[in-house]
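Take the sequence shown: its position 5, counted from the start at 1, is 10 in this note's numbering, and no numbers get skipped.
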Amino acid sequence: MCVREQTDQRVEAVEVKIRKLDAELLRYKDQMNKMRDGPAKNSVRAKAMRILKERKLYEGQRDQLQQQSFNMEQASFTTENLRNVATTVDAMRTANQAMRQQYKQFNIEKIEQMQDDMEEIMEQANEIQETLGRSYSVPDDINEDELDAELDALGDELYDEEEPSYLEDDKLDLPTTSETTAEAEQLDEFGLKEGPLKA
């Protein structure tokens, strides 16, 4: 058991004694209210005064013990805070050293130079794209009337074109089945047409 817990137990024991003294004081008060002035009442009053002094003594002890317990709690709290601060400072020191080591690997001038080189390369690439995308001999001053005329002429040309002869079904000259069979019968074993044998 720690010292603070022992102190708290002593505070509780003193408070029990104070409650008992309070009960005695109430009893003496009731007695004095029922008594007439005189030696008997003065005797009870003297007992009450003694109990009150004892009670004041215990109250002083209780207040001191409570203050001691509070001081110990504050000291414990401060000690714990100092431990946390030490842990935090140690962690920050370690992180600081690690960051310094990492930043040593970087050269800000080289990074800036690399950025400048990248920017220059991108500009050159854009210039190349613009150069390759230039149009040749295309007039820029075509108006809407000329555009409409060109589109109308283009449509007429498409409709005026005749259909190619190979797309017309009735003009295709395909061999019939009988012709194919007859031709197949006239072929020899090597796939060549049989002809009259010469002597």
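Just so it is clear, CB atoms sit at the ideal spot from N, CA and C, and this is done for glycine as well.
With fewer than 16 other CB atoms across the displayed protein chains lying within 10 angstroms of its CB, THR99 is exposed. Rounded to whole angstroms, the separation of the alpha carbons of THR93 and LEU87 is 10 Å. Sixteen is the threshold: when 16 or more other Cβ atoms of the shown chains lie within 10 Å of the Cβ of THR12, as they do, the residue is buried. One alpha carbon belongs to ILE113, the other to MET97, and they sit about 24 Å apart.
Here MET40 carries a coil assignment [DSSP, helix/strand/coil]. The C-beta distance from VAL21 to LEU70 rounds to 13 Å, too long to fall under 8 Å, and the pair is not in contact. Taken through DSSP and simplified to helix, strand or coil, ASN112 comes out as coil. Taking the C-beta atoms as reference points, ALA45 is found no nearer than 8 Å to LEU30.
ASN76 is the residue among ASN76, LYS25 and ASP68 whose C-alpha sits nearest the C-alpha of VAL8. The three-state reading of DSSP puts ASN101 in helix, counting H, G and I together. Here ARG55 carries a helix assignment [DSSP, helix/strand/coil]. Between the alpha carbons of ASP150 and GLU128 lies a distance of about 39 Å. Under the criterion of beta carbons closer than 8 Å, ARG67 and ASP27 do not qualify as touching, at roughly 13 Å. Distances from the CA of GLU17 to each of GLU64, GLU155 and ILE126 were compared; the closest alpha carbon is that of GLU64. Contact between ARG55 and MET37 is ruled out by a C-beta separation of about 14 Å, above the 8 Å threshold. In this structure, the CA atom of LYS25 is about 26 Å from the CA atom of ARG41.
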